[in-house]
Every structure is written in structure tokens, then in C-alpha cells.
Amino acid sequence: MAHKEILAAALLTDADLTGGALEVNSPIDGALLGSLATHSVSDVQAMIAQAKSAFNAWKLVPAPRRGELIRLFGEELRTAKEELGALVTLECGKILQEGLGEVQEMIDICDLAVGQSRQLFGLTIASERPGHTMRETWHPLGVAGVITAFNFPVAPFAWNFALAIVCGDPVIWKPSEKTPLSAIATARIFEKAVKRFGEAPEGLLQVAIGGGEIGEVLTTSRDVALISATGSTRMGKIVGPKVAERFGKTVLELGGNNAMIVAPSADLENAVRAIVFSAVGTCGQRCTSLRRLIVHADVREELVERLKGVYAKLPIGDPLAHGTLVGPLIDADANTSMKKALEQAKAEGGTVTGGGKAEGVTGGYYVHPAIVEIPRQTDIVRHETFAPILYVMTYRTLEEAIILQNDVPQGLSSCIFSTDVRETEIFLSAAGSDCGIANVNIGPSGAEIGGAFGGEKETGGGRESGSDAWKAYMRRQTNTVNYSRELPLAQGIKFEI
Ligand code: NAD
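In C-alpha cells form, the structure reads like this:
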């Protein structure tokens, strides 16, 4: 499909695509998709006021009824899956299968949130006082500001949005300035659900278009109760303290530097498939991309040879075309970062296979994914370069492998390939991986929405999506109720008047 048809199918109009200074280019061929008007500081302040007023109405709507709106949103997303998936591919360059996968993830989290809307459970707690009972209840929190990155233009938004809405919180979404069109199209799909729902207050979802300065209006506003920010650790280091300064809440989903340990007992066939999907998928631009391979000396040669064989034949090119597995990098800056990282890796003793411009594809930044065999975990290995570079290191004992795995500033995702249950259980134990996600016999990326998603250390500590991640969008209240005719004090304190 031509670019114009994809934009039109996603219901984007000329009015959306013209009239401003924010140029959005497709990484596929550099074509200009639109020159968008950005929002001003006062526009965003007006959005916050609108969201506040929506909160006052929405927090009183029963949670299962709020879930009904998300059920309808999920239905609309099912109808629009092909169109939105293609737009995601057009705007951020991931292959169509992954664009569609992102929309499927949105649908999945809507399903989860609908169920969750009937399960915003509190607790009943035993009181030490006679004729008393204690409870813990969960109430809507307030306006949520959701800031997202270019590499997943829609799914992390939906992880936040679907739960925030069932929990009673309106959302202001500040998408990446590199992928605002997917956000505008998503908001349009949500509008359809709102229309069918009938009685939702204005402003449950507003999209603020612009760069970091627009995000900052949200992070510094006392009227935005929660900031959920996905992006680089650099951004998190600015956003975290800004929100903390005003005692706001944050969910931070920042950079990763994910590793796989491959043990001698590993099923190498499956390991190769998992490595390639995780290391070259989305052209190495997933927060969960596999960046470090820690291989046992006994299987290293065989595994690396197999990988080099697969890498040499990777179909690189137009991500909309059937059969492509590696699309382009997002832009020139990403290409420069990759080149610089490979130079530094060489200077630090690495041997590079691949890397460099892919032949026969023009217009975008198409590169050969690189394998870098490196004797130590050097500075460049410990740094997240957002490009398809896989560093390979060798280990002899599991202890040594786990030390290498954990010795980076980031703590998002990790995995081990081994059929030795002692090894895999150690890896998952307190003596093992220090990451938010630790997998056995699958790669580090491609998470399901049922689990809590996020990581430790410089990844920011936030958790989104499944498990009890919904609690981030609510405030906890402890209630003590006295149904007796006395007034006993806790801890047996006597206070007679
Ligand atoms: P980025 O940090 O450049 O931008 C992310 C978002 O933050 C954008 O919307 C940007 O406009 C906004 N932003 C930047 N400065 C800001 C400020 N001062 N105040 C408020 N908002 C600000 O990241 P990117 O290049 O778009 O994405 C790649 C990075 O995101 C990688 O590091 C990747 O690992 C990370 N990421 C993490 C996860 C996760 O769940 N942990 C998921 C996807 C991407």
C-alpha cells in the first residue's frame, strides 16, 4: 500500500497532516508524512483543566461500567487492527507483523482491563479492637500523564490507558514527536468507542503533540497525579526528579541492556531462533532487545557460527513487504550512534561481523545487524545503543555468567537457555538475575500482557500491564470502622476525659 493510502485508512485527514512545523518522516524511505501543528504550553494547561473536570465525573462511574468503555475500545481496535498496524509500521519502521502485534497487545490489555474493572479488590483486615473492622480500599487517583517512546508508538500507551480508564483516571498522552500520527489515529479509534458508550465525560483521552518541553508541562503540573513515562534513561533522569519534587507519582519504563546466558545443555536450535528474533527484531530498537550474549565456552563456537550463518541471509528492507525481517533504523542519529558504538567496540578489543549499510535498499537507514565478539564487558557493552548490535562474551561457570549478566546499569529483561533445572532455578532465584523480567528458554523480548512489565536500576523500577500493575493508577485508603458502643484505643492506650 502507498503511504497516502495507509494514512487515509487510519482516518488521518489533511487537517491532521498539515499546518505546523513538526515534520514526521517515514523511516522506510524518508518521505514526509506530515507537517503537524504542535500544542503550546497553554494548550496543554487547558487539557489538564479539562482532564481534571473529566476526573470529577468519571471517578463516580462504577468501575465495571468504566470497563464497558474499554470493552468497546477493544472492539474498535479489533476492527481497525490492520489499518493501525500498517500506520505503526509506516511511522516507526518495524515490520508489519510487529506493527500488527503491537495492536494485538492493545486489544489484549483491553480484555485484561475489562476483567480487572470487576476486580479492583481491597482487603479486609483483622482489627485488634473489639467491635471494629479494618478495610483497605482503592479509589481513582486523578489525571494521568502518559509519555511514550518512538519504538512502541501505541502498545505501552494502551497498557497505561486501558487500566487508567477502568481505575477512573483520565489520560493526557504525550507520544514521541517521532510517531505522533499513530497516537492521533488511536485517539480517533477511541472516539468511536466513546460515541457508542454514550455518556463519557469530555477529555478522557487527550493527545498533546510536541517534544520534551510539552512533556514537561505534564511533569511539573500538580494537577497531574501520575506520570507514566517510557523512554530513555536520560529522559527518566529529568522526569523522575521533576515529579518527585511535587510529590507526584511515577511509573518509569526506561532503557534496557538485556542479556541471554546460553548454557552447554541448551537447545541451540531454539536459542538461535530466540536470539535472532530478540536481537534484530525492530532493528534492535526494542527496550527488550537482546544486546548481550553470554555463552558457555563449550558451545560458543558452534552457536556463533550458526548465528553468523543466519545473519548473513537476513531479509533486510521495506518493513511493509512480506518476508522482510529487518526494517530501517528510525533516523540518521540512530545510524550515527550505531557506527560510533561499533568503532568504540573495535577500540575496546571487539571483532565486528556485519554492521554497515545494507545494500540494495535506499531512502532509509538500513543496516546489517552486527555481531561483536568481545573479550570483556567493556564500557560500550554496558551502554544501551539503540541499534542491532549483539555483543558476545564467553563464560565457564554459571556464577561468572550471572555476574556478567547483572553487571550493567540497566535491569529490564534477561534469560537463560539451559535444560538443567538446577541452573535455571538458580538463575530465577535471589542469587540469579537482578532484572524485572527473567525468562527460561525464551528470549528477553516479546512479553505477554498478563505479567507485570518493567525493570530495576536505571530501567526505572516501574511496572505496567498485568499482575497488580493497576494499583499504580489508584490511591489506597485504609479504613477503620467502629460498630461497637465503646471507643477503645489501639495499643491499649488509656485516655480518659
Ligand atoms: P526518549 O527518551 O528520547 O523519548 C521518550 C519520550 O520522552 C518522548 O515522548 C519525548 O518527547 C519525551 N521526553 C523527552 N524529554 C522529556 C522531558 N524532559 N520531559 C518530558 N518528556 C520528555 O526515548 P526514545 O528515543 O523515543 O525511545 C527509546 C528509549 O526508550 C530507549 O532507551 C528504550 O529502551 C526506551 N524504552 C523503554 C521501554 C520500557 O518499557 N522500559 C519501552 C520502550 C522504549
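Take the sequence shown: its letters are residues 1 to 497, numbered as in the UniProt record's numbering. Cβ atoms here follow ideal geometry from the backbone N, Cα and C, with glycine treated the same way. A quick note: this is a predicted structure, and the numbers were derived from the prediction, not measured.
Cβ neighbour criterion (16 or more within 10 Å) applied to residue i
i, result
"K94", "buried"
"M1", "exposed"
"I380", "buried"
"S484", "exposed"
"Q285", "buried"
"R234", "exposed"
"A185", "buried"
"L33", "buried"
"E83", "buried"
"residue 500", "The structure shown has nothing for residue 500, since the chain only spans 1 to 497."
"V481", "exposed"
"T351", "exposed"
"residue 502", "The chain is shown only over 1 to 497; residue 502 falls outside these bounds and no answer can be derived."
"F247", "exposed"
"F427", "buried"
"D407", "exposed"
"F495", "exposed"
"H322", "exposed"
Cβ-heavy atom distance, residue i to the ligand NAD, below 8 Å
i, result
"P175", "yes"
"N151", "yes"
"Q285", "yes"
"V239", "yes"
"A229", "yes"
"R234", "yes"
"L254", "yes"
"A156", "Note that residue 156 is Pro in the sequence shown, not Ala. The answer is yes for P156."
"G212", "yes"
"L32", "no"
"E384", "yes"
"F453", "yes"
"I147", "yes"
"T186", "no"
"L22", "no"
"E464", "yes"
"T480", "no"
"E83", "no"
"L412", "yes"
"L69", "no"
"T336", "no"
"L218", "yes"
"G327", "no"
"T459", "yes"
"G281", "no"
"G364", "no"
"K178", "yes"
"K242", "yes"
Pick from the options that is closest to residue i, judged by C-alpha positions
i, options, result
"V421", "F453, L487 and P264", "P264"
"E253", "V361, A274 and T459", "T459"
"G215", "S413, T230 and E83", "T230"
"E102", "T424, S53 and A80", "A80"
"P328", "A8, S26 and D14", "S26"
"L36", "I48, M47 and G20", "G20"
"I147", "L120, S176, I125 and A155", "S176"
"L226", "A490, G462, P444 and G466", "G462"
"P369", "S289, A347, A149 and D223", "S289"
"R291", "A155, S414 and S228", "S414"
"residue 522", "T133, T378 and A15", "What is shown of the chain runs 1 to 497, which leaves residue 522 out entirely."
"I261", "S232, N151 and H296", "H296"
"D29", "A332, A162, L12 and V171", "A332"
"P64", "T13, F197, G131 and L17", "F197"
"E105", "I125, A162, A279 and T353", "A162"
"Q206", "A8, T219 and V171", "V171"
"A164", "N258, C435 and A51", "A51"
"N441", "A149, V272, G363 and V243", "V272"
"L489", "L112, G131 and H3", "G131"
"A438", "S418, L412 and F152", "L412"
"D43", "I107, V217, G99 and H3", "V217"
What alpha helix (DSSP H) runs, 4 residues minimum, are completely inside the stretch 310–386? 332–347
Pick out the complete beta strand (DSSP E) segments inside the stretch 107–136, 3 residues or longer, and give them in chain order. Whole beta strand (DSSP E) segments, 3+ residues: 123–125.
Report the residue ranges of all alpha helix (DSSP H) runs contained in full by the stretch 394–468; include only those spanning at least 4 residues, in chain order. 398–406 and 421–428
Can you check the stretch 198–264 for any alpha helix (DSSP H) of at least 4 residues that lies completely inside it and give the ranges in chain order? 212–219 and 233–245
At 4 residues or longer, what runs of the alpha helix (DSSP H) sit wholly inside the stretch 130–184? 155–167
What ranges does the beta strand (DSSP E) occupy inside the stretch 23–63, keeping only unbroken runs of at least 3 residues that lie completely in it? DSSP runs (the beta strand (DSSP E)) wholly in the stretch 23–63: 32–36.
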